[in-house]
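For the sequence shown, position 121 (counting from the first letter as 1) is numbered 121 according to the working numbering, and the numbering increases by one without interruption.
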Amino acid sequence: MNEYERMLENAYKKIKVVSVGAERFTIPKVMGKVAGKNTIITNINDIASHIRRPVEHLAKFLQKELAVSGKLESSSLVLKTKLNSQKVNEKIEQYVKEFVLCYECKKPDTEIVSEKGVKSKHCLACGAKYPIKSKI
Ligand SMILES: [Zn+2]
Numbered sequence: 001m002n003e004y005e006r007m008l009e010n011a012y013k014k015i016k017v018v019s020v021g022a023e024r025f026t027i028p029k030v031m032g033k034v035a036g037k038n039t040i041i042t043n044i045n046d047i048a049s050h051i052r053r054p055v056e057h058l059a060k061f062l063q064k065e066l067a068v069s070g071k072l073e074s075s076s077l078v079l080k081t082k083l084n085s086q087k088v089n090e091k092i093e094q095y096v097k098e099f100v101l102c103y104e105c106k107k108p109d110t111e112i113v114s115e116k117g118v119k120s121k122h123c124l125a126c127g128a129k130y131p132i133k134s135k136i
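See below:
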């Protein structure tokens, strides 16, 4: 095996470790910085794609829960206050519990369905279906 093949093999091993649908679903931690009076979350797109939800929806939830205005700017979310990352991570965890993980089997293989204006979380793994209380 040459150097290049070895490198590829290692790369594939790494991919397997983080694949979605693994036994333990992990939520990526936020990365970002405080700039002046703003907090900039630079990996919001990665988090949204990992949990397979629209980034706009996640951004809206965070703004409401953290009671702060903000906007999506290229691949970052700019929140107009100083926040510590722990606080943001907690809110993302809350988002995942509410909108992503199945209450029944705890798997992340769910989809949000809207029927007659009522949103529900439908689990593709076990078939459970729950109404979503949040108005976002
Ligand atoms: Zn389920």
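Positions of the beta carbon are idealized from the N, C-alpha and C atoms, including for glycine.
Keep in mind that this is a model prediction, so the values were computed, not measured.
Along the length of the region 22-73, whole alpha helix (DSSP H) runs at least 4 residues long occupy 44-50, 55-65, reported in chain order. The continuous alpha helix (DSSP H) containing V96 extends over residues 85-99.
Contact between the region 87-96 and the region 30-49 is established, with three or more Cβ pairs separated by less than 8 Å. At least one heavy atom of ligand 1 falls within 7 Å of the beta-carbon of K107.
The C-beta separation of S76 from T42 comes to about 5 Å, placing the pair in contact by the 8 Å criterion. According to the DSSP assignment, E115 belongs to the beta strand (DSSP E) that extends over 110-115. When secondary structure is reduced to three states using DSSP, Y4 falls in the helix class. In this model, K129 and L101 are separated by some 11 Å (Cα to Cα). Per the coordinates, the alpha-carbon of E73 lies some 36 Å from the alpha-carbon of E104.
Membership of S76 in the beta strand (DSSP E) is indicated by the continuous run 76-79. Distances taken from the Cβ of A35 to the heavy atoms of ligand 1 include none shorter than 7 Å.
Residue environment analysis places G117 among the exposed positions, since fewer than 16 neighbouring C-beta atoms fall within 10 angstroms of its C-beta.
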